[in-house]
Each structure stands twice: as structure tokens, then as C-alpha cells.
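Taking it in order: structure first as C-alpha cells, then the write-up.
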Amino acid sequence: MGKSGTGRRLGLRTPTQSRGRVYDSGGRSVEVAIKDLSPTGARLMVSAETAIPRQFKIRFGEYEARGEVVWRKGVDVGIRF
Numbered sequence: 242m243g244k245s246g247t248g249r250r251l252g253l254r255t256p257t258q259s260r261g262r263v264y265d266s267g268g269r270s271v272e273v274a275i276k277d278l279s280p281t282g283a284r285l286m287v288s289a290e291t292a293i294p295r296q297f298k299i300r301f302g303e304y305e306a307r308g309e310v311v312w313r314k315g316v317d318v319g320i321r322f
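Just so we're aligned: the sequence shown equals residues 242 to 322 in our numbering.
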């Protein structure tokens, strides 16, 4: 049984077809697909061999934010801003 009937999601997700780049603390980056986006986080899709660090910077369009991985399931990665 879950923690509450409202679920864990803090914001309404908006589906997107955007691409972004995730940067680790050493400045290395990988391209990611942003599958959905909310004011508090996003769901990313990565290639099977791509490693996303637990904490990172993400850039997409004109936006830049600090992010943190909160879950992983296959090639999908849930992040919180």
C-alpha cells in the first residue's frame, strides 16, 4: 500500500518531445530525451548504455536547472529539480 492516496507526484506532468543535455560535475555531458516535464521534475529517456549521475545540471532550450535522480526503470529516469 502507498504512503497516501494522492501519490508521490508533486506537479502535473506535460508530455514533451524535447531533447536536453545532462552535465556531470566534471563537465562531461550526455544527450537525453525529455518525455514529460513538471515544475518539480521530469521523466528522461536515456540510451541503455548511458549513465546519469545522481546529481547533475540539465540544460534544455533556454532553461538550466540542477537535478537529482529519484528513480530509474530501464531507460527511463525520474528526476527532481
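Idealized CB from N, CA, C, for every residue including glycine.
Quantities reported herein were computed from a predicted structural model and do not represent experimental measurements.
_What ranges does the beta strand (DSSP E) occupy inside the segment 259-285, keeping only unbroken runs of at least 3 residues that lie completely in it?_
270-279
*Cα-Cα separation, PHE322 to GLU305*: 10 Å
_Can you look up GLU305 in the DSSP assignment and give me helix, strand or coil?_
strand
*Are the beta-carbon atoms of ARG295 and GLU309 separated by less than 8 Å?*
yes
*Helix, strand or coil at PHE297 according to DSSP, with G and I counted as helix*: strand
*With which residues is ARG313 paired in a DSSP beta bridge?*
VAL318
*With burial defined as no fewer than 16 other Cβ atoms inside 10 Å of the residue's Cβ, what is the status of ALA289: buried or exposed?*
exposed
*Report yes if the CB atom of VAL273 is closer than 8 Å to the CB atom of MET286, and no otherwise.*
yes
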